[in-house]
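In this note's numbering, the protein residues as written are 270 to 380. Just so you know, even glycine gets a beta-carbon here, dropped at the ideal spot from N, CA and C. As the structure is a prediction and not an experimental result, all values here were calculated from the model.
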């Protein structure tokens with residue numbers, strides 16, 4: 270999609286919402302990576318206090334609070350929208366997370 274926007278016309282000053290063809294959670298992403306890699310992976314969500322402490326150890330308070338607010342919006346479903354932007358701009362459907370993770374399995378295995 271980036272190539273279409275960067276090399277096409279009429280995109281100047283535009284901002285696009287982009288998604289894959291399905292809304293999946295971080296827990297579902299972890300399960301998919303586990304299948305692709307053929308080994309168990311675990312997803313653990315930190316509680317609010319632990320997450321805040323971890324973020325404050327690394328970032329200034331306003332940044333940490335912004336991350337926490339974003340995570341809360343995500344848990345509430347605010348980031349679960351599936352939009353047709355990739356199809357509209359490229360003429361091809363967006364790839365599923367399953368396809369993307371399989372295509373990048375080597376990068377995850379190396380880490």
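Item to complete: Determine the extent of the alpha helix (DSSP H) in which residue 354 is found, giving its start and end residues.
Response: The residue given as residue 354 occupies position 85 in the chain shown. Note, residue 354: alpha helix (DSSP H), 354 to 359.
Item to complete: Let me know if residue 302 comes out buried or exposed under the rule of 16 or more other beta-carbons within 10 Å of its beta-carbon.
Response: What you label residue 302 is simply residue 33 of the chain shown in a count that begins at 1. It is buried - the Cβ of residue 302 has at least 16 other Cβ atoms within 10 Å.
Fill in: Burial state of residue 324 (16 or more Cβ within 10 Å)
In the chain shown, the residue the question calls residue 324 occupies position 55. The residue in question, residue 324, is buried, as its Cβ has 16 or more Cβ neighbours within 10 Å.
Discussion item. Using the three-state DSSP reduction, which class does residue 338 fall into: helix, strand or coil?
Written reply: Locating residue 338 in the chain shown gives position 69, where the first residue counts as 1. If DSSP states are grouped into helix, strand and coil, residue 338 belongs with the helices.
Worksheet item: What's the gap between the Cα of residue 352 and the Cα of residue 366?
Response: Here residue 352 refers to the residue found at position 83 when the chain shown is read from its first residue. Here residue 366 refers to the residue found at position 97 when the chain shown is read from its first residue. So the alpha carbons of these two residues sit roughly 15 Å apart.
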